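Trainee: The structure under discussion is supplied below as structure tokens; questions concerning it will follow.
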Amino acid sequence: MRLAITVGQGTPWDTLCGLWEAADEVPLWESAWTGDHFYPFLSDPSGPCLEGWISLAALAQRTSRLRLGVLVSGMPHRHPAVLAKMAAALDITCGGRLELGLGAAWYQAECDAYGIGLGSVRERMDRFAEGVEVIHRLLTESSVTFPGRYYRLADARCEPKPLQRPRPPIVIGGTGERRTAAVVARWADHWNLGFARPDDLPRKLAALADHCAQAGRDPRLIDTSVVVRTAGRGGRRDLAEVADEVAAYQAAGCRLAIVEASAGQAGRARAEIDRLSAALEPLTRSPATSARGADLPVASS
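Sequence positions in the sequence shown follow numbering that gives the first Met the number 0 and run 0 to 300.
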């Protein structure tokens with residue numbers, strides 16, 4: 000199993016920096032992730048919530064090794080052409096370490112509060128499919144004309160291009176086996192399944208394999224990940240329990256566990272990374288698979 004960290008957007012800045020900087024020094028952790036919510040959704044919605052892309056750009060300058068991304072950027076939050084420009088600039092300024100996380104968005108309360116049109120599930124998925132294509136094409140083509148329903152581009156350019164070629168890996172977040180998995184099969188390099196349970200993974204991966212067969216792609220080239228919480232009701236979870244959960248995900252076919260890291264204060268950040276490393280390092284000794292692609296099931300006929 001490969002490992003990454005994610006840190007809550009309500010974490011104070013000095014503590015957030017401490018956690019990322021400590022993880023950057025431990026090769027066990029391959030990537031680190033911010034979020035793209037405007038209100039907290041796992042705690043009091045009136046609490047603090049740092050904006051994900053601005054935080055990511057600053058954290059990129061405080062690290063040198065970790066790959067990094069937003070898990071995941073809601074399509075209605077920014078026009079995809081603007082998001083493509085942001086991604087290209089950040090990939091250049093972080094030395095080619097960006098993982099481009101994209102999602103359809105779902106948090107109705109924050110969208111209502113900010114006047115962001117979320118729409119029905121069908122509308123947000125239709126808009127998402129258009130947006131992902133717009134971003135991919137802007138990052139890989141010299142100019143793009145796109146006559147979509149939600150997005151319209153006329154000879155649009157995105158220069159300079161990202162440092163990574165043909166573009167940074169696209170990470171799509173979501174659990175839908177019909178619409179989301181189809182977008183993953185067409186465009187993504189990595190499918191983040193959020194908080195899906197281990198028992199759910201075989202079905203999700205089989206759905207992905209079916210969509211990949213229709214799209215003419217090898218599903219083994221698409222990475223898979225989940226988010227693992229270390230907080231529980233009333234406090235922190237026992238790390239032996241967390242390790243058992245990560246092992247269950249690994250057995251189900253997942254290859255990257257994005258583990259929640261937290262610390263009460265900046266001075267405890269390194270100790271937090273050290274204790275997570277000690278608890279989970281044994282799981283990384285299992286037989287390795289390629290960084291891009293788990294042993295996914297073959298598509299059914």
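Even for Gly, the Cβ is constructed at its ideal location relative to N, Cα and C. All values derive from a computational prediction rather than experimental measurement.
1. Are Gln8 and Gly68 close, meaning C-beta to C-beta below 9 Å?
2. Among residues of its own chain, excluding the 5 on either side of Pro159, which ones have a beta-carbon nearer than 7 Å to its beta-carbon?
3. Which same chain residues, not among the five before or five after Gln264, have their C-beta less than 7 Å away from its C-beta?
4. So is Ala293 buried or exposed if we call it buried at 16+ other beta carbons inside 10 Å?
5. Please state whether DSSP places Gly17 in a helix, a strand or coil.
6. Quick test of the definition: if touching needs 3 or more C-beta pairs under 8 Å, does the stretch 161-170 touch the stretch 198-214?
7. Over what stretch of residues does the beta strand (DSSP E) that includes Leu117 continue unbroken?
8. Since Ala155 and Leu137 are thought to touch, with beta carbons under 8 Å apart, how far apart are those beta carbons, to the nearest angstrom?
9. So what does DSSP say about His36, is it helix, strand or coil?
10. To the nearest angstrom, report how far apart Ala31 and Leu162 are at their CA atoms.
11. In this structure, does DSSP put Trp186 in helix, strand or coil?
12. Do the CB positions of Glu271 and Ala262 come within less than 9 Å of each other?
13. Look at the Cβ atom of Glu129, then the Cβ atom of Arg148, and state whether they are nearer than 9 Å.
14. Alpha carbon to alpha carbon, how far is Cys110 from Thr179?
15. Would you tell me roughly how many angstroms separate the C-alpha atoms of Arg61 and Ala214, rounded to the nearest one?
16. Excluding the 5 residues flanking Leu2 on each side, which residues of the same chain have their C-beta closer than 7 Å to its C-beta?
17. Grouping DSSP H, G and I as helix and E and B as strand, with all else coil, what is Gly9?
18. Pick helix, strand or coil for Asp237, following the three-state DSSP scheme.
19. Which one or two residues does DSSP pair with Ala31 in a beta bridge?
20. Can you give me the C-alpha to C-alpha distance between Arg77 and Ala187, rounded to a whole angstrom?
21. Do you know offhand how far Val297's Cα is from Asp125's?
22. Between which two residues does the alpha helix (DSSP H) harbouring Thr323 extend?
23. Going by Cα to Cα distance, which pick from Ser63, Ala21, Gly73 is closest to Gly94?
24. Just to confirm, is the Cβ distance from Leu70 to Gly100 under 9 Å?
Mentor: In this structure, then:
1. no
2. Ala87, Ile91
3. Thr14
4. Any reading at Ala293 must be qualified, since the residue scores a pLDDT of 41, below 50, and its modelled position is unreliable; no value is offered.
5. helix
6. no
7. Unbroken run through Leu117: none, as it is neither H nor E.
8. 6 Å
9. coil
10. 19 Å
11. helix
12. yes
13. yes
14. 20 Å
15. 39 Å
16. Leu27, Trp28, Glu29, Ala256, Val258, Leu279, Thr283
17. coil
18. coil
19. Ile4, Leu67
20. 19 Å
21. Legend: pLDDT at Val297 = 38, less than 50; position of this residue unreliable, value from coordinates given subsequently. Each residue's Cα considered, the two are about 27 Å apart.
22. This structure cannot settle anything about residue 323, because the visible part of the chain is limited to 0 through 300.
23. Ser63
24. yes
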